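So the sequence lines, in the order shown, correspond to chains C and A. Each step along the first sequence adds one to the number in my numbering, with nothing skipped, and position 46 is 46. Each step along the second sequence adds one to the number in my numbering, with nothing skipped, and position 2 is 2. Below is one structure; the comments refer to it alone.
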Amino acid sequence: MDLEELSREILTCVKCPLHMYRTSAVPGEGSVKLGIMIVGEAPGADEDRTGRPFVGAAGRLLTEALARLGVSRDDVYITNVVKCRPPNNRTPTREEVEACLPYLLRQIELLRPRRIVALGLTSAKTLLSLVGKRVEKIGDVRRRCFRGRVAGVEVEICATYHPAAVLRNPRLKEEFMGDLAAFLGGGLERFF
Amino acid sequence: MAKYILTYLDAKEFAYIVDSISVLVEEASFVVRSDGLFLRALDSSRTAMVDLSLPKEAFEEFPEVEQELKIGMNFKDLKKILRRIKKGDKISMEVEEGRVRIKLVGKSVRSVTLPSVEVVGEELPTPKVVYTAMVKTASDILATAVKDADAVADEVKFEANEEALVIGASSDKGEVEVRLDRNSELVYEFDVKEPASARYSLEYLLDIVGRTSRISDIVTIEFATAKPLLLTFDIPAGGKISYFLAPRVE
C-alpha cells in the first residue's frame, strides 16, 4: 500500500463515531524531503471543510513559523493524530485516538521520517507513549526529543506547544518558534 | 545614580534605525560602550540577527562610561514615540535610574519617559561563515529585486559567479530574475571568489530590505552556498546596521 492508497482509506474510514460528523477526513499532506513529520491533534473546522491539515488560524501560524525558518510546508509532512474533526473541536477521546492510531503508524512506516514534531499534549502523549515515555503535561517534555523505534522506523520524537495554544497565549510564541528552530535545524545558531 | 545622555542629530534617521531593528525584535538592549552604541539581537525563531554599531562620533553628545551600560527597550513602544518626529528634530536619550527619557528637540522640546525594560539576553556570537561572494550595490536595486521575488514566491535565490549576481525566484505563479553584471554602473564592488548559490525566506528579507534601504543608499551583500546571508547597510552619520539571515533548509 502506498501513501495515496492509505489516504483514500482514511477518507472513507468509519472506525469511530467521528466519521458521522465530518465533512471530510484529513489524511495529511506534504513530503519528507527534510525527513520531518509534523503531527497535530485533530482537524478543526477549516481543515474539515477543506480536507487539508493546518489551514485555519493555527495552521497559518505554523506555516508562518516554518517560512521564517526557511522551511517550505511542502518539504515536511503535516498530519494529525486523529484524522476527523471532533465535534466543537473537543479533545479526541482515548477511543478515538486508538481507533485512528494505526493510520498514523502506517504513515510513519511509509514515509520513514527521521524526526517527528509533536504539536500539543494529545500528539506528544500519543507519540511518546509509543517509545515508552509517559506524558502528563506538555511542559515536561517541551523542547526535548526522545529517540525510539516506531512502526519499525528509528525516529526522534520532539514535542512543543500546539499552535492553537500559542494563539490563545501569545507569550508562548517565542518558545514555540525557538522549539521549531531547534527541531527543524533552520536557525542561525548552527553557524555560531 | 548618574545620568547618561546620548544625542543624535537626525531624529528621523534614528527612527528609521529603530524601525529596522523592530522588524526582528520587540525587545532588545542598546549597549553603550566607551566607543559607541551597539545592539545585537536574534529574532524569536532564531533565524535572523540584527547587528547595529553607531560610533560615538555619530552622536552630538555621548556619555563617558567606565563599564558598558545596557538600555533595554521595547521597540514597539519606542517606534510609537518616534512617529511623532518632525523634520529637523534631533533626539536625546537620557538614561537615569532604570528609565529612559526620549527628548525630541525641534521648534519645541517634547519628551516622553519610558521604563528601561529588563531584557533577558545572551551574548550572541558572529556567525562563523566564510563568504565567497560579495557585491556592493544600490539598496533600492536589492529592495526592488526582493519585492519582485515576493510577487511570485516565498523565497529568493541568490546566485553569484565571476560575471554577475543573479537574484531570482520561481514558483507556479511565475519567474523573476534580476541580474547585476559585475561591470554594471550600480555595482560598486564585486568580489566572487567561487560561485555561490543559496536560498532565503522572503518572510523577513522583504521588511529588512524595505525599511533599511531608507537609511542607506548602499548595501553590501555577502553570502556563500547554503550559508547565511549578510546584508550590511552603512549609516550616513557613521556606523552600520547588518542582518544575518539563515539559509533555507534543504
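Note that the Cβ used here is the ideal one computed from N, Cα and C, for glycine as well. All values derive from a computational prediction rather than experimental measurement.
Legend entry - Sequence ranges, alpha helix (DSSP H) only - wholly within the region 105-151 of chain C, length at least 4: 121-129, 138-141
Inset, instruction - Give the secondary structure of P228 (chain A) by DSSP, where H, G and I count as helix, E and B as strand, and everything else as coil. - result: coil
Inset, instruction - Let me know the secondary structure DSSP gives R22 (chain C) once reduced to three states. - result: coil
Inset, instruction - Just mark K3 (chain A) as buried or exposed, buried being the case when its beta carbon has 16 or more other beta carbons within 10 Å. - result: exposed
Inset, instruction - Any chance you could list the beta strand (DSSP E) runs of at least 3 consecutive residues sitting entirely within the region 10-94 of chain A, in chain order? - result: Along the length of the region 10-94 of chain A, whole beta strand (DSSP E) runs at least 3 residues long occupy 27-33, 36-42, 48-55, 69-74, reported in chain order.
Legend entry - Buried versus exposed call for A57 (chain C) [16 or more other C-beta atoms within 10 Å across all chains shown]: So A57 (chain C) counts as exposed.
Legend entry - M177 (chain C), enclosing alpha helix (DSSP H) - first and last residue: 173-184
Legend entry - From A:A246, A:I81, A:L54, A:E123, residue whose alpha carbon lies closest to that of G187 (chain C): A:A246
Inset, instruction - Spatial neighbours of L61 (chain C) within its chain, please: CB distance less than 7 Å, with the 5 preceding and 5 following residues excluded, ordered by chain position. - result: P163, V166, L167
Inset, instruction - Could you tell me whether the region 132-149 of chain C touches the region 35-44 of chain C, where touching means 3 or more Cβ pairs closer than 8 Å? - result: no
Legend entry - Minimum Cβ-Cβ distance from L69 (chain A) to chain C less than 9 Å: no
Inset, instruction - Taking C-beta pairs closer than 7 Å, name the residues in chain C that Y243 (chain A) reaches, listed in chain order. - result: Here the premise fails: no neighbours, minimum Cβ distance about 11 Å.
Inset, instruction - Between the Cα of S31 (chain C) and those of C:T79, C:L69, C:P92, spot the shortest distance and give me the residue it belongs to. - result: C:T79
Legend entry - Inter-residue CB distance, F176 (chain C) and A67 (chain C) (contact presumed, cutoff 8 Å): About 14 Å separates the CB atoms of F176 (chain C) and A67 (chain C); that is not less than 8 Å, and the two are not in contact.
Inset, instruction - Measure the C-alpha to C-alpha separation of V117 (chain A) and A181 (chain C) and round it to an integer number of angstroms. - result: 26 Å
Inset, instruction - Work out the CA separation of V178 (chain A) and K147 (chain A) for me, nearest whole Å. - result: Each residue's alpha carbon lies about 11 Å from the other.
Inset, instruction - Report yes or no: do three or more beta-carbon pairs, one from the region 233-246 of chain A and one from the region 164-172 of chain A, lie closer than 8 Å? - result: Look at the beta carbons and you see the region 233-246 of chain A not touching the region 164-172 of chain A: under three pairs across the two are nearer than 8 Å.
Legend entry - Neighbouring residues, chain C, relative to E203 (chain A) (Cβ below 8 Å): Neighbours of E203 (chain A) across chain C, judged by C-beta separation under 8 Å: E64, A67, R68.
Inset, instruction - Note down, in chain order, each residue of its chain lying with its Cβ closer than 6 Å to the Cβ of D95 (chain A), except the 5 sequence neighbours on either side. - result: What sits at residue 95 (chain A) in the sequence shown is Val, not Asp. For V95 (chain A), the CB contacts under 6 Å within the same chain, skipping 5 residues up- and downstream, are Y4, I71 in chain order.
Legend entry - Run of the alpha helix (DSSP H) containing T50 (chain C), from where it starts to where it stops: Where T50 (chain C) is concerned, the enclosing alpha helix (DSSP H) stretches over 45-50.
Inset, instruction - Assuming V156 (chain A) and Y200 (chain A) form a contact by the criterion Cβ under 8 Å, report the distance between their Cβ atoms to the nearest whole angstrom. - result: Right, their Cβ atoms sit about 6 Å apart.
Inset, instruction - Within the same chain, show all residues whose beta-carbon is closer than 7 Å to that of R22 (chain C), passing over the 5 residues directly before and after it, in chain order. - result: If you ignore the 5 residues before and after R22 (chain C), its C-beta comes within less than 7 Å of the C-beta of D48, C84, R85, all in its own chain and listed in chain order.
Inset, instruction - Give the interface partners of K128 (chain A) over in chain C, defined as CB-CB distance under 8 Å, in chain order. - result: Here the neighbours are F191, F192.
Inset, instruction - Indicate whether at least one CB of chain C lies closer than 9 Å to the CB of L39 (chain A). - result: When Cβ-Cβ separations below 9 Å define contact, L39 (chain A) makes no contact with chain C.
Legend entry - Among A:P228, A:A164, A:R83, A:K87, nearest to R190 (chain C) - alpha-carbon criterion: A:P228
Legend entry - Neighbouring residues, chain A, relative to G30 (chain C) (Cβ below 7 Å): Those do not exist, as G30 (chain C) stays about 14 Å from chain A at its closest Cβ, beyond 7 Å.
Inset, instruction - Could you list the residues in the region 8-27 of chain A with a C-beta less than 7 Å from some C-beta on chain C, going in chain order? - result: none
Inset, instruction - Could you list which residues in chain C have their beta carbon closer than 9 Å to that of A246 (chain A), in chain order? - result: L69, G70, A181, G186, G187, L188, E189, R190, F191
Inset, instruction - Figure out for me which residue from A:V249, A:R248, A:S242 has the closest Cα to the Cα of F38 (chain A). - result: A:S242
Inset, instruction - Pick out whichever of C:R114, C:L119, C:F183 has its Cα sitting closest to the Cα of G152 (chain C). - result: C:R114
Inset, instruction - Compare the C-alpha of E185 (chain A) against each of A:G106, A:V209, A:A138 and name the closest. - result: A:A138
Legend entry - C-beta contact flag for G239 (chain A) and A11 (chain A) at 9 Å: no
Legend entry - For S242 (chain A), the residue or residues it bridges with in DSSP: A:D51, A:T232
Legend entry - Cross-strand partners of F223 (chain A) (DSSP beta bridge): Paired residue(s): A:A133.
Legend entry - Residue-level contact to chain A via CB, D140 (chain C), 9 Å cutoff: no
Inset, instruction - Consider the C-beta atom of N88 (chain C) and the heavy atoms of the ligand SAM; say whether any pair is separated by less than 8 Å. - result: Here there are no bound small molecules, and the ligand SAM is not part of this structure.
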